[in-house]
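Residue numbers (this note's numbering): 1443 to 1515.
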């Protein structure tokens, strides 16, 4: 699947860009960054389930805020 970066205060991702991701245990996703887009070096937790079926994920373990969105099917 692909998820879109909707906010990045850390500089590892490009807002508006799509990144490959895969779902892992507990609904978390693993996603790469601009240096290794196909990598799985980052883990993001679901933080909001929207009424339209989309999901917002937040990368943990960093000082800034990084959000991704999985669009509704």
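Glycine included, every Cβ here is placed at the ideal spot set by N, Cα and C. Given the structure is predicted, the values throughout are model-derived calculations rather than measurements.
Can you find the residues in the same chain that come closer than 7 Å, C-beta to C-beta, to residue 1488, ignoring five residues on each side of it along the sequence? Sequence index remark: in the chain shown, residue 1488 carries index 46 (1-based). Excluding positions up to five away in sequence, the list reads 1469, 1497, 1499.
C-beta atoms of residue 1506 and residue 1452 nearer than 8 Å: Locating residue 1506 in the chain shown gives position 64, counting from the first residue. Locating residue 1452 in the chain shown gives position 10, counting from the first residue. In this structure, residue 1506 places its C-beta atom within 8 Å of the C-beta atom of residue 1452.
In terms of alpha-carbon separation, which member of 1514, 1502, 1485 lies closest to residue 1492? Here residue 1492 is taken as the residue at index 50 of the chain shown, counted from 1. Of the listed residues, the one whose Cα sits closest to residue 1492 is 1514.
Give the single residue among 1461, 1512, 1504 whose Cα lies nearest to the Cα of residue 1495. As a working mapping, residue 1495 is identified with position 53 in the chain shown. With distances taken between Cα atoms, residue 1495 lies closest to 1512.
When the Cα atoms are used, what is the spatial distance from residue 1459 to residue 1510? As a first step, residue 1459 must be located in the chain shown, where it is residue number 17. As a first step, residue 1510 must be located in the chain shown, where it is residue number 68. One C-alpha to the other measures close to 10 Å.
Starting from residue 1486, trace the beta strand (DSSP E) both ways and give me its first and last residue. As a position in the chain shown, residue 1486 is number 44, starting the count at 1. Counted as a single uninterrupted DSSP element, the beta strand (DSSP E) harbouring residue 1486 occupies residues 1484-1491.
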